[in-house]
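In our numbering, the protein residues as written are 670 to 859. Backbone N, C-alpha and C define an ideal beta-carbon position, used for all residues, glycine too. For reference, the structure is listed below as structure tokens.
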Ligand code: ZN
């Protein structure tokens with residue numbers, strides 16, 4: 670199944686290598702082709718499948734903007750993220766080097782003991798810009814948080830099971846500060 674008119678995110682299944690020849694922006698794993706970046710799927714006449722990144726002038730982020738970002742590094746009290754795109758302006762990708770920070774106090778309401786229990790390495794997160802100059806982000810609101818989590822053991826996708834996330838591949842159970850629409854896709858309209 671392909672999502673030709675939607676936005677795909679890294680790890681989205683696009684098809685098999687029997688159907689398509691992998692081009693750029695995708696990777697082949699055991700005959701299955703997945704997106705390796707955020708963008709639009711394009712299929713050529715010769716069945717070469719590529720993901721075209723959304724590149725143009727980086728928008729200036731403002732306080733209150735909602736962005737999709739990827740967790741690049743987790744330290745004791747902060748998560749360093751790379752901002753992939755801005756919701757509502759998916760056609761204007763943020764410069765790829767744009768990094769933001771989520772401080773432990775901005776992850777959710779209430780006290781967070783361990784950041785690693787709320788955010789995971791390589792997770793995709795929907796967050797709000799709370800300081801546009803320092804690029805500080807918050808995931809406190811109900812609709813914000815992790816939208817796609819990666820298993821810390823086997824790198825498989827985690828599926829929501831009530832309030833926790835379970836890995837279908839290795840059965841590991843992990844917790845996250847999940848967005849209320851976790852797993853329902855990003856429902857981005859271009
Ligand atoms: Zn796993």
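Closer than 7 Å: is that where the CB of residue i sits relative to any heavy atom of the ligand ZN?
| i | result |
| --- | --- |
| residue 838 | yes |
| residue 754 | no |
| residue 852 | no |
| residue 825 | yes |
| residue 699 | no |
| residue 709 | no |
| residue 841 | yes |
| residue 820 | yes |
Mind reading off the beta-carbon distance from residue i to residue j? Whole number of angstroms is fine, and I expect it under 8 Å.
| i | j | result |
| --- | --- | --- |
| residue 827 | residue 769 | Not quite, the Cβ-Cβ distance comes to about 22 Å (not below 8 Å), so this is no contact. |
| residue 678 | residue 707 | 5 Å |
| residue 793 | residue 816 | 5 Å |
| residue 704 | residue 692 | That pair is no contact at about 11 Å. |
| residue 612 | residue 845 | The structure shown has nothing for residue 612, since the chain only spans 670 to 859. |
| residue 771 | residue 788 | 7 Å |
| residue 751 | residue 738 | 6 Å |
| residue 833 | residue 849 | Not really, about 15 Å apart at Cβ, beyond 8 Å. |
Once DSSP output is grouped into helix, strand and coil, what is the label at residue i?
| i | result |
| --- | --- |
| residue 834 | strand |
| residue 774 | helix |
| residue 847 | strand |
| residue 731 | coil |
| residue 786 | helix |
| residue 820 | coil |
| residue 781 | coil |
| residue 679 | coil |
| residue 719 | strand |
| residue 809 | coil |
| residue 797 | strand |
| residue 753 | strand |
| residue 767 | coil |
| residue 853 | coil |
| residue 738 | strand |
| residue 707 | coil |
| residue 685 | strand |
| residue 814 | strand |
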